[in-house]
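Engineer: Got a structure for you, written out below as structure tokens; questions coming shortly.
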Amino acid sequence: MSATGSQRRLTPSRIQAMKSGTPIVSLTAYTTPMARLLDEHCDLLLVGDSVGMVLYGMESTIAVTLDMMIAHGKAVMRGVRKSCVVVDMPFGSYQEGREIAYRNAVRILQETGCDAVKLEGGREMAETISFLVERGIPVLGHIGLMPQQVNAAGGYRSVGHSEREVAKIRTDAEAVGNSGAFAVVVEGTVEEFAREVTAAIPVPTIGIGASVACDGQILVSDDMLGLFNDFTPRFVKRYDELGTRVGLAVAAYAGDVRSRAFPADEHTFKRRS
Ligand code: KIV
Numbered sequence: 264m265s266a267t268g269s270q271r272r273l274t275p276s277r278i279q280a281m282k283s284g285t286p287i288v289s290l291t292a293y294t295t296p297m298a299r300l301l302d303e304h305c306d307l308l309l310v311g312d313s314v315g316m317v318l319y320g321m322e323s324t325i326a327v328t329l330d331m332m333i334a335h336g337k338a339v340m341r342g343v344r345k346s347c348v349v350v351d352m353p354f355g356s357y358q359e360g361r362e363i364a365y366r367n368a369v370r371i372l373q374e375t376g377c378d379a380v381k382l383e384g385g386r387e388m389a390e391t392i393s394f395l396v397e398r399g400i401p402v403l404g405h406i407g408l409m410p411q412q413v414n415a416a417g418g419y420r421s422v423g424h425s426e427r428e429v430a431k432i433r434t435d436a437e438a439v440g441n442s443g444a445f446a447v448v449v450e451g452t453v454e455e456f457a458r459e460v461t462a463a464i465p466v467p468t469i470g471i472g473a474s475v476a477c478d479g480q481i482l483v484s485d486d487m488l489g490l491f492n493d494f495t496p497r498f499v500k501r502y503d504e505l506g507t508r509v510g511l512a513v514a515a516y517a518g519d520v521r522s523r524a525f526p527a528d529e530h531t532f533k534r535r536s
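According to the working numbering, the residues represented by the sequence shown are 264 to 536, in order.
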């Protein structure tokens with residue numbers, strides 16, 4: 264049997280083995296060209312349901328569908344050679360019951376060819392995660408701030424500030440960390456708590472707005488590249504200002520077109536003979 268593309272990619276088990284070792288580098292990707300750019304530098308690419316807000320201008324991730332996730336999962340897989348690819352299960356595709364979660368996760372794996380799925384939830388989702396993992400579906404957990412809970416939580420707020428919140432995340436981390444998930448995303452929480460969870464659970468924690476104490480980090484690529492000019496979460500370090508640079512490039516093009524400086528001679532076809 265010859266080696267296939269998937270055999271060259273990092274597997275969920277290899278990501279799991281990075282616990283307490285070299286920090287895991289991960290970013291979101293939604294398209295083939297972006298996946299090609301990120302693949303070389305990342306261990307894990309997440310086709311996040313943040314695609315709804317980032318690419319479709321939605322207010323939240325609630326309206327993102329399974330078909331959207333599958334379409335973007337396929338696009339990302341076309342651009343990846345070595346990173347482990349995880350596709351988010353969207354709101355409503357797994358909470359109702361473990362059999363439905365299994366059916367939808369199978370669709371994601373079979374139709375995209377990705378390596379694993381991610382789902383949000385604490386103690387209440389641990390049984391579903393075990394059900395999927397025992398049946399051959401690698402799962403990345405997601406605890407702390409859970410964007411799909413935005414309506415119930417009344418907004419996007421970091422968690423772990425009160426005794427009640429700390430007790431809840433502690434229970435969630437324990438349950439998801441021991442459910443069979445190969446790693447757990449920990450979003451929007453204080454360093455003290457991220458450190459405690461990272462030490463307590465047997466699988467890597469991948470932090471987003473959760474301090475350096477985690478086993479790895481993930482960011483929304485468009486945020487760290489500065490592609491948005493309207494809103495960037497406070498915890499995001501912007502490594503570039505691509506939004507501003509796109510604006511300047513397009514303004515230069517518009518200026519050239521209006522002044523008939525474009526297309527210049529070198530961009531104009533000439534008769535061959
Ligand atoms: O949807 C997403 O992009 C995510 C990450 C921000 C962790 O869940």
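A virtual CB, placed ideally from N, CA and C, is assigned to each residue, including glycine.
With DSSP run on the structure shown, which of helix, strand or coil describes residue 381?
Structural biologist: If you number the sequence shown from 1, residue 381 lands on position 118. Reduced to three states, the DSSP call for residue 381 is strand.
Engineer: My output table needs one value for residue 452: the three-state DSSP class, helix, strand or coil.
Structural biologist: Locating residue 452 in the sequence shown gives position 189, counting from the first residue. Residue 452 falls in the strand class under three-state DSSP.
Engineer: Using DSSP bridges, identify the partner residues of residue 291.
Structural biologist: Translated into positions along the sequence shown, residue 291 becomes position 28. Bridge partners of residue 291: 309.
Engineer: Give me the Cα-Cα distance between residue 426 and residue 489, rounded to the nearest whole angstrom.
Structural biologist: Residue 426 sits at position 163 when you count from the first residue of the sequence shown. Residue 489 sits at position 226 when you count from the first residue of the sequence shown. Cα-Cα distance, rounded: 35 Å.
Engineer: Who's in the neighbourhood of the ligand KIV, going by beta-carbon under 7 Å from any heavy atom, listed in chain order?
Structural biologist: 291, 309, 311, 312, 313, 324, 351, 381, 405, 410, 448, 450, 471, 481, 483
Engineer: In chain order, what residues of the same chain have a beta carbon less than 6 Å from the beta carbon of residue 314, not counting five sequence neighbours either side?
Structural biologist: Counting from 1 along the sequence shown, the entry for residue 314 is found at position 51. Cβ within range, chain order: 293, 335.
Engineer: Report the rounded CA-to-CA distance for residue 269 versus residue 512, giving the unit in angstroms.
Structural biologist: By 1-based counting over the sequence shown, the position of residue 269 is 6. By 1-based counting over the sequence shown, the position of residue 512 is 249. Model confidence at residue 269 stands at a pLDDT of 48, short of 50, so the residue's coordinates are unreliable and nothing is read from them.
Engineer: If residue 454 and residue 430 are in contact, beta carbons under 8 Å, what's the gap, nearest whole angstrom?
Structural biologist: As a first step, residue 454 must be located in the sequence shown, where it is residue number 191. As a first step, residue 430 must be located in the sequence shown, where it is residue number 167. About 18 Å; that fails the 8 Å criterion.
Engineer: Can you list, in chain order, the residues of its chain whose CB lies under 6 Å from that of residue 265, leaving out five sequence neighbours each side?
Structural biologist: Looking up residue 265 in the sequence shown gives position 2. Confidence is the limiting factor: at residue 265 the pLDDT is only 49, short of 50, which leaves the residue's position unreliable and the question unanswerable from this model.
Engineer: To test your reading of the DSSP string, which unbroken alpha helix (DSSP H) runs of 4 or more residues are found completely within the segment 401-456?
Structural biologist: 413-416, 426-440
Engineer: So does the segment 362-371 actually touch the segment 314-323, counting three or more Cβ pairs closer than 8 Å?
Structural biologist: no
Engineer: Hey, quick one: how far does the beta strand (DSSP E) through residue 470 stretch, first residue to last?
Structural biologist: Numbered from its first residue, the sequence shown carries residue 470 at position 207. Its beta strand (DSSP E) spans residues 468-471.
Engineer: With distances taken between CB atoms, is the gap from residue 450 to residue 482 smaller than 8 Å?
Structural biologist: Position 187 of the sequence shown holds residue 450. Position 219 of the sequence shown holds residue 482. No.
Engineer: Between which two residues does the beta strand (DSSP E) holding residue 279 run?
Structural biologist: Counted from its first residue, the sequence shown places residue 279 at position 16. Here residue 279 belongs to no beta strand (DSSP E); instead the alpha helix (DSSP H) covers 275-279.
Engineer: Does residue 493 come out as helix, strand or coil in the three-state DSSP assignment?
Structural biologist: Position 230 of the sequence shown, counted from the start, is the residue given in the question as residue 493. Coil at residue 493, not helix or strand.
Engineer: Note down, in chain order, each residue of its chain lying with its Cβ closer than 6 Å to the Cβ of residue 327, except the 5 sequence neighbours on either side.
Structural biologist: Looking up residue 327 in the sequence shown gives position 64. Around residue 327: 312, 315, 353.
Engineer: Are residue 411 and residue 383 closer than 8 Å when you measure CB to CB?
Structural biologist: Translated into positions along the sequence shown, residue 411 becomes position 148. Translated into positions along the sequence shown, residue 383 becomes position 120. Yes.
Engineer: Identify the continuous beta strand (DSSP E) that holds residue 483 and give its terminal residues.
Structural biologist: The residue labelled residue 483 in the question sits at position 220 within the sequence shown. Careful: residue 483 lies outside any beta strand (DSSP E) and carries neither H nor E.
Engineer: Using a Cβ distance threshold of 8 Å, determine whether the segment 359-367 contacts the segment 389-403, with at least three qualifying pairs required.
Structural biologist: Between the segment 359-367 and the segment 389-403 there are three or more inter-stretch CB-CB distances shorter than 8 Å, so the stretches are counted as touching.
Engineer: Starting from the Cα of residue 486, find the closest Cα among 291, 398, 528, 343 and give me that residue.
Structural biologist: Indexing the sequence shown from 1 puts residue 486 at position 223. Checking every option, the nearest Cα to that of residue 486 belongs to 291.
Engineer: In chain order, what residues of the same chain have a beta carbon less than 8 Å from the beta carbon of residue 397, not counting five sequence neighbours either side?
Structural biologist: Locating residue 397 in the sequence shown gives position 134, where the first residue counts as 1. Once the five neighbours on either side are set aside, the close Cβ partners of residue 397 are 443.
Engineer: Since I believe residue 342 is in contact with residue 299 (beta carbons under 8 Å), could you give me their beta-carbon distance rounded to a whole number of angstroms?
Structural biologist: The residue labelled residue 299 in the question sits at position 36 within the sequence shown. The residue labelled residue 342 in the question sits at position 79 within the sequence shown. Sure, about 4 Å apart at Cβ, within 8 Å.
Engineer: DSSP three-state label for residue 509, please.
Structural biologist: Within the sequence shown, numbered from 1, the residue matching residue 509 stands at position 246. Of the three classes helix, strand and coil, the one that applies to residue 509 here is helix, per DSSP.
Engineer: Residue 320 by DSSP, collapsed to three states: which one?
Structural biologist: Within the sequence shown, numbered from 1, the residue matching residue 320 stands at position 57. Coil, per DSSP.
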